[in-house]
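Counting with mature numbering (1 follows the signal peptide of the UniProt record, and there is no 0), you get residues -27 to -1, 1 to 725 for the letters of the sequence shown.
What follows is a set of notes on a single structure, which appears directly below.
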Amino acid sequence: MAKHGAFLCYYPFFTLFLLTMILLCKAADEERKVHIVYMGSLPDGNPAYSPLSHHLSILHRVVQGSLAETLLVRSYKRSFNGFAANLTDQEREKIASMEEIVSVFPSIRLEPQTRRSWDFMGFDEKVSRNATTESDIIVGVIDTGIWPEAEGFKDEGFGPSPQKWKGVCEGGKNFTCNKKIVGARYYLTDSARDFRGHGTHCASIVAGSPVKDVSFYGLANGTARGGVPAARIAAYKVCDLDFGCSADGILAAFDDAIADGVDIISISLNGFFRSEPHFYIDPIAIGAFHAMKKGILTSQSAGTIFNSYKVGPVSSVAPWIFTVAASTTDRRIIDSTVLANGNKLVGHSTNTFTLNGTNFPLIYGKDASRTNCSQILASICWEGCLDPDLVKGKIVVCEKNTGIPGAYRSGAVGIIFVNFMNETFSQVLPFPGVNLITEELNVVKSYMNSTRVPQATILQSEVIKDVAAPFVSITSANGPNLVVPDVIKPDISAPGVEILAAYSTFATASEYPEDNRHVKYNILSGTSVSCPHVAGAAAYVKSFHPDWSPAAIKSSLMTTAWPMNDTLPTNDTSNNFSGAFAYGSGHIDPVKAINPGLVYETSEDDHIKLLCTIYDEAKVRLITGENITCPKDPAKWSPRDHNYPSMGAKVEPTKPFTVQYHRTVKNVGLANSTYRAKILSNSKLDIQVVPEVLLFESLNEQMDFDVTVGGSDLQDRSQLSGSLVWSDGIHSVRSPILVYAYVPNELQNIVT
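Listed below in structure tokens is the structure:
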């Protein structure tokens, strides 16, 4: 009895102890986060090897009991080696210290980067096509899924799926593939169906079949078509309305797409830059590397600048990825506001609404504020700051485009706003509005201060011809490359402003849930929509040269690109780096690219040598799956010798410099041909080429040359540029040369 009494005395303490342990365990569980464990290439020559068993054994080493199976989220075992699991920080550190592990990093969430475009490039419906080969090309689109009922995805006239296709149609309930959409998979929710519209838009740009007489409420009327309308599409849904896009899902999509047998991958996602950037913690760089090893080219959006930092925000910097900037076409959408004094101010928005010429009172955001908001938040019409009673029946004037939801949801008639970067692309609005540059918004404010009852109306949008096109959108992420400074990024530019393409009829036209408009075709802007243009152009080149490597296709598009103008039509002058740092080699020209004359073949061995300059030999062996030996003497090979179609160099400011490049080109033009070097250079750069003449006697013959670039007095955050053109009188093979000085005083805040 005494023993029982003692137990009863201690029972409250025992209960408290148990509760404490339960709470601690629960807290530990709550601290678990999904991490990606990257292990490099799959081992060759061992049929008994089971990736899944290996992954579980690693988890068993760091967690207790049968918990390991429940923590495993995904196993990457088709195209490369790795897994995703829910880990604590301590477990992550233990796994990261294991010899067979390349990297362990969190699975972050990110967002998508959000047609006369093909005609603008001289790539009209009458261009020469190799229809049979084009129909064998499969483009993998890693995005928000696809809306299979879109007219451009019908399969009339298509034969069976290519024999190489090993994928499946796992689109979920009420989702059907066809001979056009040959495969579908999802990695978030339970459907490959696109509820946002972004993935459908991108897939339509790459490979949508022609659909005549489409428009967005009468704007941009014409025929919508993809770059390779006879090609097939495989959709991999990694993004959803509520959850964004998961890194572990993106890597799983690459794992599947490579094994499924796609030829080209288009991925309009970004956001994996880190304070210490590495390729092995970027799932897109990882997936694209293993795709390259299997002969698959990956096209990725350069990213979008959403902040005031303009140096080095491009986050797609791996040399085995085709990084795409966004530029304009000659079709622009404008809108106007007419003040009651008769002053008409032209701006940019995609506004399908009409006020029938009726003038409405103007009210400044800060004059319509609730009492609990600061003057700054009220001036930008921050959501929740505007008083609905004060804005009802009025047009609100806001200092930033972030005021759109606040004005719209407060019941304003319309909005006049300024885009904080003075960007001139037209975004789709859910109600009447116009986007003005700062100077013109100041005209509106001056008018409001000069009269007791200021009024204005907003006109419907219209289409104009822009003779200045193409120029790079100021929101398109630019260089330099902060991981491999001597490799120029972006690689190329393509149409990415105000592009009409297919859309999900589930999504609203303006992406505002309250907007009751649903459309089959929508207008989007950003590197998200320039990326699939390049994927389509690459597929077009591949249809004529199915045996070409990803590097050869990339080279053909880069060296035949249009030179672009450095001048941007904006008043913003804060961006020191422009030119090739904005548009790479220039604007794509798919027609010229099928006959480039010469190509720069960047082999897997070139990429391995480059990795050796960044990482230790053991890590490079795991990544590549090769028993390689890294060069012991760094002086014998540098990233400047990477056989890339462009030539970049980072040098020290204010000091004389001499940089050298070694390159190899392969003849894919005429068997007997003579190419002569021509230098186009800034007067401050001295560029020498040895030899100056290349004599080819056969197709696929390769020849080497060296380039030496000298100069001095290059200030910090400044650049000097030129170009090397090899010409045989028929072909012009142009490579940009860019030397710059840059001493980062802070790590730049990067984009999604």
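Even for Gly, the Cβ is constructed at its ideal location relative to N, Cα and C.
In this text, all values refer to a predicted model and were calculated from it rather than measured experimentally.
Nearest-angstrom Cα separation, counted from F669 out to I710: 24 Å
Quick one: what's got a C-beta closer than 6 Å to residue 735's C-beta in the same chain, skipping five residues either side? Residue 735 lies beyond the range of the chain shown here (-27 to 725); nothing can be said about it.
How many angstroms separate the CA atom of N194 from the CA atom of I306? 12 Å
Count the other CB atoms, across all protein chains shown, that sit within 10 Å of the CB of I119; report buried if there are 16 or more and exposed otherwise. buried
What residue range does the alpha helix (DSSP H) around K99 cover? Premise fails: K99 is in no alpha helix (DSSP H) and is neither H nor E.
Cβ of V112 within 9 Å of Cβ of A69? no
Taking the CB atoms as reference points, tell me whether V75 and V290 lie closer together than 9 Å. no
Mark N100 as exposed unless 16 or more other C-beta atoms lie within 10 angstroms of its C-beta, in which case mark it buried. Looking at the sequence itself, residue 100 is Val, so the reference to Asn does not match. By the 10 Å Cβ count, V100 comes out exposed.
Leaving aside the five residues before and after N374 along the sequence, list all residues of the same chain whose C-beta is less than 8 Å from its C-beta, in chain order. F390, V391, N392, F393, Q400, N408
Please say whether P618 and K515 have beta carbons closer to each other than 9 Å? no
Using only the alpha-carbon positions, how far apart do A534 and Y588 sit? 33 Å
Between the beta-carbon of A299 and the beta-carbon of S239, is there less than 9 Å? no
Tell me whether Y713 sits in a helix, a strand or coil according to DSSP, three-state version. strand
Given 8 Å as the limit, is there contact between the region 476 to 492 and the region 163 to 174, that is, 3 or more CB pairs closer than that? yes
By a C-beta neighbour count over all protein chains shown, 10 Å radius and 16 as the cutoff for buried, is Y(-17) buried or exposed? Per-residue confidence for Y(-17) stands at a pLDDT of 39, beneath the threshold of 50, marking its modelled position as unreliable; the derived number appears in the next sentence. It is exposed - the Cβ of Y(-17) has fewer than 16 other Cβ atoms within 10 Å.
Express the C-alpha separation of Y253 and D520 in angstroms, rounding to a whole number. 29 Å
Kindly list the residues whose CB is nearer than 7 Å to the CB of A510, restricted to its own chain and excluding five residues on each side of it in sequence; keep chain order. G200, L530, I561, P563, A566
When the distance is taken between beta carbons, is R594 closer than 9 Å to G13? yes
Nonlocal neighbours in the same chain, by C-beta distance under 6 Å from S134, ignoring five residues either side: V155
If we ignore side chains and look at the alpha-carbon of each, how far apart do A555 and I447 end up? 9 Å
Hey, could you find the ends of the beta strand (DSSP E) A435 is sitting in? One point to set straight first is that residue 435 is Glu, not Ala, in the sequence displayed. Run containing E435: 435 to 438, per the beta strand (DSSP E) assignment.
Close beta carbons around residue 740, own chain, < 6 Å, minus the five adjacent residues each side: The chain is shown only over -27 to 725; residue 740 falls outside these bounds and no answer can be derived.
Cutting at 6 Å between CB atoms, please list the residues of its own chain near G683, excluding the five before and the five after it. T631, D659
For P505 and T411, the rounded distance between their alpha carbons: 32 Å
Let me know if Q692 comes out buried or exposed under the rule of 16 or more other beta-carbons within 10 Å of its beta-carbon. buried
Quick one: is T725 buried, meaning 16 or more other Cβ sit within 10 Å of its Cβ, or exposed? In this prediction, T725 scores a pLDDT of 28, lower than 50, which makes its location untrustworthy; no coordinate-derived value is stated.
Quick check: what's the CA-CA separation for A714 versus A622? 9 Å
Determine the closest residue to L444 out of V10, G499, S48, with distance taken between C-alpha atoms. For the sequence presented, residue 444 should be read as Phe rather than Leu. Closest option to F444, Cα to Cα, is G499.
Is the number of C-beta pairs between the region 413 to 425 and the region 315 to 328 that are closer than 8 Å three or more? yes
Return the CA-CA distance between residue 727 and N538, expressed in angstroms with no decimal places. Past the edges of the chain, shown from -27 to 725, lies residue 727, and the structure says nothing about it.
Going by CA-CA distance only, name the one from A351, P405, T277 that's closest to G379. A351
Please give me, in chain order, every unbroken run of the beta strand (DSSP E) with length at least 3 that falls completely inside the region 474 to 553. 494 to 497
Pick from A58, E64, S522 that is closest to V35, judged by C-alpha positions: E64
Figure out for me which residue from G642, D679, Y485 has the closest Cα to the Cα of S705. G642
Taking its Cβ as the centre, do 16 or more other Cβ atoms sit within 10 Å of Y22, making it buried, or is it exposed? exposed
Applying the criterion that 16 or more other CB atoms from any shown protein chain within 10 Å of the CB defines a buried residue, is K462 buried or exposed? buried
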